[in-house]
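2 protein chains.
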Amino acid sequence: MPLQYNEFYNESTGLTVGVKKLLFSEQTPYQLVEVYETDTWGNLMTIDGMVMLSEKDEFVYHEMLAHTGMFAHPNPEKVLIIGGGDGGTAREVLRHPSVKHVDMVEIDEAVVRASKLYLKDVGAWEDPRLTVLFEDGIAFVKQAKAEYDVVIIDGSDPVGPAEGLFEKGFFELCFSALKEGGVLTAQTESPWVPEYHSSMKKVFDALTEVFTKSSMYLAYIPLYPAGMWSFAYASKGIKALDADVLARVENGLPALGTKLNYYNKAVHSGSFALPNFVAEIIR
Amino acid sequence: MPLQYNEFYNESTGLTVGVKKLLFSEQTPYQLVEVYETDTWGNLMTIDGMVMLSEKDEFVYHEMLAHTGMFAHPNPEKVLIIGGGDGGTAREVLRHPSVKHVDMVEIDEAVVRASKLYLKDVGAWEDPRLTVLFEDGIAFVKQAKAEYDVVIIDGSDPVGPAEGLFEKGFFELCFSALKEGGVLTAQTESPWVPEYHSSMKKVFDALTEVFTKSSMYLAYIPLYPAGMWSFAYASKGIKALDADVLARVENGLPALGTKLNYYNKAVHSGSFALPNFVAEIIR
């Protein structure tokens, strides 16, 4: 029988990916980090048995998590990424020529080590504007006051070490860490997994209280549960679908110096269109 | 070991759904039709080992295939559905109060029989406006001239009996079957399955030649390959995103007499926003 990676996202629905071999497996103080060589998705990283990214589909998650917020801000110079140890979010952020400095705060150095070894095209580790810190993201953001233009929360699921990244207290710290006009984006799980609905509702309620308004947007990620993934957008005053924002997307995309595979102006707008059953989750 | 339904959508990527029992299995002259009782998705119909619908997720496919075209037309009275034997597309079409008659042409009566037995809430079989014909859809559409306001192509994949539904000659027949101002929608496979890209390109090229313009739109369908599904829209002159169309969606939704689970005005627009890699497939 061929080797397979299996992940079940509810009591009975699962994903199978054919695997050539296990490349990396380490039980860190925080979680089990593994990388597989797959048959058709390139190398695949999992944490505690949940897919984080594959080389073939990671562009969707990273482009959508990074650019939606980065283009919303008129001049993002200083960016904070909480989590994001595989390096893909930082890579997309660093494409923006306005960026002068990125702090990436990843609690688990093994994620970065595994990514540098086996997800070679995901990170932009050599960029001198990037500082990688192996610290607790919540502790880090506590000491940051009005420092960042954009904060991106790129943690794993709301069980395990990333649990605190879904709490209102954490969003208050993020709010304080943002400058005037700052923007926040975060990953917020799959709307097709009922077990996550209460976390999602809590996140959006908390973001709305802290930022006065928050919005959900969506992307198609084939190796995530049910292929639908949600993200949060919140800001100190910039609406995600303002005409100014859409003009910046249109004018700014060519300056990124590469053709993106997923994100564009229509996708920026369209991703905020929520199917009725999704809107219900956070109503 | 618990019972499982497994489907692989490429050489190594698969979906697993926990199953309680097999309810229906019949090798018809056309295909293998099966219905399973699942653990979490209600009953699930497959054809030749490919998921067609489950009771829990069918609303996405049927709402998006039906309403996108139905609202584009200012007054859809007569509608033709090719395929659609489970009955879900007809059910959504029949929600529109303007509809006077629907012809549903399904080649395989076993699909309708299985649906009536095991997908009881999917069809609207008792509606007197619905005529079900067990005939070859291509032969049927040949004899229809300027008869329909909307034609919906709801066939299975472009292998087996539905293969002809992806050919240019068939779209020419559909064009002739449509009245002035008529609208066509069709299902056109998952952009994440490279094996289907050439079929998709062929379909959109053919539709553009026959109708002078065609557009692709997308929906999240958890039990279809990779969770992303594409559809085609083409018409005799009505653009899918015209202000008139969007006004009709907004004003017409309350008249459907039920709250939809997926489709709304924002989703209508947003579904036409194609990620770059998807737009490339049909460029």
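Chains U and V, in that order, give the protein sequences.
So the first sequence is residues 1 to 283, counted in my numbering.
So the second sequence is residues 284 to 566, counted in my numbering.
Where is the CB? At the ideal position from N, CA and C, for every residue including glycine.
request  = Please confirm if the region 223 to 241 of chain U is in contact with the region 55 to 74 of chain U, defined as three or more CB-CB distances below 8 Å between the two stretches.
outcome  = yes
key: U:Leu218: first and last residue of the uninterrupted beta strand (DSSP E) it sits in   = 215 to 220 is the span of the beta strand (DSSP E), which, as asked, contains U:Leu218.
message = Any beta carbon from chain U within less than 8 Å of V:Met483's own beta carbon?
response = no
key: Same chain only: Cβ atoms within 6 Å of V:Lys304, ignoring 5 sequence neighbours per side   = Residues Glu320 of the same chain have their beta carbon placed closer than 6 Å to that of V:Lys304, with the five preceding and five following residues left out of the count.
task = May I ask you to list the residues that DSSP assigns as paired with V:Thr299?
result = Among the bridge pairs identified by DSSP, V:Thr299 is matched with U:Gly14, V:Asn289.
query = Do you know how far the Cα of V:Gly452 is from the Cα of U:Pro194?
reply = So the two alpha carbons sit approximately 44 Å from each other.
Secondary structure of V:Ala538, DSSP reduced to three states = helix
query = Excluding the five sequence neighbours on either side, which residues of its own chain have a C-beta within less than 7 Å of the C-beta of V:Pro285, listed in chain order?
reply = Gly301
key: Three-way DSSP call (helix, strand, coil) for U:Gly83 in this model   = strand
request  = Let me know if U:Asp86 comes out buried or exposed under the rule of 16 or more other beta-carbons within 10 Å of its beta-carbon.
outcome  = buried
message = With distance defined between alpha-carbon atoms, name the residue in V:Gly420, V:Ser518, V:Asp488 nearest to V:Glu463.
response = V:Ser518
inquiry  = Taking only three categories from DSSP, how would you classify U:Ala206?
reply    = helix
query = Where does V:His379 sit, in a helix, a strand or coil, going by DSSP?
reply = The answer is coil: DSSP assigns V:His379 none of H, G, I, E or B.
key: Beta-ladder partner(s) of V:Ala422, from DSSP   = None; V:Ala422 has no bridge partner.
DSSP three-state assignment for V:Lys484, whether helix, strand or coil = helix
query = With 8 Å set as the bound, which would you pick, yes or no: does the beta-carbon of V:Asp322 sit closer than that to a beta-carbon of chain U?
reply = yes
request  = Measuring alpha carbon to alpha carbon, tell me which of V:Ala562, V:Phe291, V:Trp475, V:Thr414 ends up nearest V:Gly366.
outcome  = V:Thr414
message = Distance cutoff 8 Å, beta carbons only. Does U:Pro275 sit that close to anything in chain V?
response = yes
Selected residue, minimal CA-CA separation from U:Val327, among U:Trp125, U:Asn43, U:Arg283 = Nothing about residue 327 of chain U can be read from this structure; chain U reaches only from 1 to 283.
query = For V:Leu529 versus V:Ser552, is the C-beta spacing smaller than 8 Å?
reply = Contact flag set, yes.
key: V:Ile564 - containing beta strand (DSSP E), residue span   = No beta strand (DSSP E) holds V:Ile564; the alpha helix (DSSP H) holding it covers 559 to 564.
inquiry  = Looking at U:Gly164: is its Cβ nearer than 8 Å to the Cβ of U:Ile138?
reply    = yes
message = Counting only Cβ pairs nearer than 7 Å, list the residues of chain V close to U:Tyr262.
response = Close to U:Tyr262, with beta-carbon spacing below 7 Å, are these residues of chain V in chain order: Pro558, Asn559, Phe560.
task = Run down chain U in chain order and give the residues with a C-beta less than 7 Å from the C-beta of V:Thr329.
result = What V:Thr329 touches in chain U: nothing, since even the nearest Cβ is about 15 Å away.
query = What three-state label does DSSP hand U:Ser25 in the structure shown?
reply = strand
request  = Would you kindly report the start and end of the unbroken alpha helix (DSSP H) that includes V:Glu392?
outcome  = 392 to 401
request  = Tell me where the alpha helix (DSSP H) around U:Glu63 begins and ends.
outcome  = 58 to 72
ask   = Is it a yes or a no for the region 248 to 257 of chain U touching the region 89 to 100 of chain U, going by three-plus beta-carbon pairs under 8 Å?
value = Contact between the region 248 to 257 of chain U and the region 89 to 100 of chain U is present, because at least three Cβ pairs lie under 8 Å.
message = What are the residues in the region 290 to 308 of chain V lying within 9 Å of chain U by C-beta distance?
response = Within the region 290 to 308 of chain V, the residues whose Cβ lies closer than 9 Å to some Cβ of chain U are Phe291, Asn293, Glu294, Ser295, Thr296, Gly297, Leu298, Thr299, Val300, Gly301, Val302, listed in chain order.
ask   = Any Cβ of chain V within less than 8 Å of the Cβ of U:Ser269?
value = yes
message = Quick check on U:Asn264: buried or exposed, where buried means 16 or more other Cβ atoms within 10 Å of its Cβ?
response = buried
key: Beta-carbon separation (whole angstroms), U:Val203 vs U:Phe166, contact threshold 8 Å   = 5 Å
inquiry  = For a cutoff of 8 Å on Cβ pairs, would you count U:Tyr196 as touching chain V?
reply    = Closer than 8 Å to the CB of U:Tyr196 there is not a single CB belonging to chain V.
ask   = For the candidate residues V:Phe560, V:Ser481, V:Trp324, whose alpha-carbon lies nearest to that of U:Gly14?
value = V:Trp324
key: In DSSP terms, what U:Lys78 is bridged to   = U:His101
task = Could you tell me if V:Pro411 is buried or exposed, where buried requires 16 or more neighbouring beta carbons within 10 angstroms of its beta carbon?
result = Result: exposed.
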